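Participant: With the sequence shown counted from 1, adding 37 to any position gets you the numbering used here.
Built from N, CA and C at the ideal position, the CB exists for glycine as well.
Only a predicted model underlies this, so the values are computations on that prediction, with no experimental measurement involved.
I'd like to ask some things about the structure below.
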Amino acid sequence: MPELPEVEVVRQGLARGVAGRTVADVRVTRDRAVRRHLAGAEDFVARLCGRTLLTAERRGKYLWLPLDSGDALIGHLGMSGQLLVVPGDAPLPRHLHVRVGFADGGRELRFVDQRTFGGLQVVVGGDPVPPVLAHVARDPLDPLFDDEAFVAALRRRRTGLKRALLDQTLISGIGNIYADETLWRARLHGARPTELLTRPAVRRLLAHARDVLAEAVEQGGTSFDALYVSTEGVSGLFERSLNAYGREDQPCPRCGMPVRRESFMNRSSFSCPRCQPRPRPGRW
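Structure representation (structure tokens):
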């Protein structure tokens, strides 16, 4: 599933390609793509046609386009969703579900989703954040992110460190890939108890998270297959910079020890057994 860097790259593309433009027509070719819009596809189309997309916004892994009506178009990329800004006469991909044309006759916005876990919806209210996203915490790249509040909140939790990093109500935007990369840089195992971390350790962890996310954005995100691309259809390159995630049995770039894979919450975690020793009960 796309994490903050991938969604931020898409947001930037939407800001370049559709912000400030007025919607002329909308075609929904698969209702499942707008299933979160409970009033149905016809209402979805009616709420978009004639409206101007003001800008492109993001919080964590979630993005939306505020409309001049006061509503907001929310995009959920799911596992394989793509928001593409392409010429109207470009070949139609197999899994194209929504097409948005604009009054200026320029490039159109397309929603493509092979696995159909993602979708689009129009919600009432989008300033500063749509109500349906109000529960999502700020992310580390947000200028208004409160470092000290996060430090205190993390240390109040009684859970494993990686579980806390994946909690979008505590800190948003970090998923499995970037949690493993952050923990590798911080030399911490994901099972470390949050309540036993010192304040300086949490601040260092946060600094590493920011570095990882910012570097991934700069490189266009992480693309393990052709399903994640920018709005221009370009794959990300951060996969080449991964130090832990997906590198089972490969040498740790720091110490040479083979990276291990462990089962974690129905997914996999990757870490260095030497640089990130698993905590033993009573010895943190």
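1) Find the nearest neighbour of Val254 within the set Phe275, Ala263, Leu234 and Thr268, judged by alpha-carbon distance.
2) Would you say Leu110 and Val159 are within 8 Å of each other, going by their C-beta atoms?
3) In terms of DSSP beta bridges, what is Thr59 paired with?
4) Which complete beta strand (DSSP E) runs does the stretch 174 to 239 hold, if anything under 3 residues is left out?
5) Tell me, please, which residues DSSP counts as bridged to Arg96.
6) For Tyr99 and Asp286, I'd like the C-alpha separation in whole angstroms.
7) Using alpha carbons as the reference points, say which of Gly87, Pro168, Pro180 and Val46 lies closest to Phe322.
8) Decide if Ala76 is buried, meaning its Cβ has at least 16 other Cβ atoms within 10 Å, or exposed.
9) Is Leu316 near His226, with beta carbons less than 8 Å apart?
10) Following the continuous beta strand (DSSP E) through Gly125, name the residue where it begins and the one where it ends.
11) Restricting to Cα atoms, I'd like to know which of Leu243, Asp262, Val266 and Ser305 is closest to Asp179.
12) Could you tell me if Arg144 is buried or exposed, where buried requires 16 or more neighbouring beta carbons within 10 angstroms of its beta carbon?
13) Leaving aside the five residues before and after Asp176 along the sequence, list all residues of the same chain whose C-beta is less than 6 Å from its C-beta, in chain order.
14) What is the rounded straight-line gap between the Cα of Gln119 and the Cα of Pro318?
15) Quick one, are the C-beta atoms of Pro103 and Gly163 less than 8 Å apart?
16) CB Tyr215 to CB Pro39, shorter than 8 Å?
17) Who are the near neighbours of Pro130 in its chain, counting only those whose CB is closer than 7 Å to its CB and skipping five residues on each side?
18) Sort Arg222, Pro230 and Thr196 by Cα distance to Gln313 and report the nearest one.
19) Identify the continuous beta strand (DSSP E) that holds Glu145 and give its terminal residues.
20) What does the alpha-carbon distance come out to for the pair Gln256 and Glu45?
21) Measuring CA to CA, which of Val65, Gly258, Leu51 and Ser300 is closest to Glu43?
22) For Ala52, report the span of its alpha helix (DSSP H) as first-last.
Facilitator: According to the data block:
1) Ranking Phe275, Ala263, Leu234 and Thr268 by Cα distance to Val254 puts Phe275 first.
2) Closer than 8 Å, so yes.
3) In the DSSP output, where bridge partners are listed per residue, Thr59 has Thr89.
4) Scanning the stretch 174 to 239 from its first residue to its last, no whole beta strand (DSSP E) run of 3-plus residues comes out.
5) Arg96 pairs with Tyr99.
6) Taking C-alpha positions only, Tyr99 is separated from Asp286 by approximately 33 Å.
7) Residue 322 lies beyond the residue range present for the chain, which begins at 38 and ends at 321; the question has no answer from this structure.
8) The Cβ neighbour count for Ala76, taken over all protein chains shown within 10 Å, is under 16; the residue is labelled exposed.
9) Per the sequence shown, residue 316 should be read as Pro rather than Leu. Contact check for Pro316 against His226 passes: the beta carbons are separated by less than 8 Å.
10) In this chain, Gly125 is not harboured by any beta strand (DSSP E), its DSSP state being neither H nor E.
11) The candidate whose alpha carbon is nearest that of Asp179 is Leu243.
12) By the Cβ neighbour-count rule, Arg144 is buried, with 16 or more other Cβ atoms within 10 Å of its own.
13) Sequence-distant Cβ neighbours of Asp176 in its own chain, meaning closer than 6 Å and more than five residues away, are Leu41, Gly97, Ser209 and Gly210.
14) Looking at the backbone, the Cα of Gln119 and that of Pro318 are separated by about 44 Å.
15) Yes. Within cutoff.
16) Not closer than 8 Å, so no.
17) Val149, listed in sequence order.
18) The residue from Arg222, Pro230 and Thr196 with its alpha-carbon nearest to that of Gln313 is Arg222.
19) Looking at the DSSP string, the run of the beta strand (DSSP E) that includes Glu145 is Glu145 to Asp150.
20) Near 11 Å, if we compare the C-alpha coordinates of Glu45 and Gln256.
21) Residue Gly258 is the option with its Cα nearest to Glu43.
22) Unbroken alpha helix (DSSP H) run through Ala52: Leu41 to Gly54.
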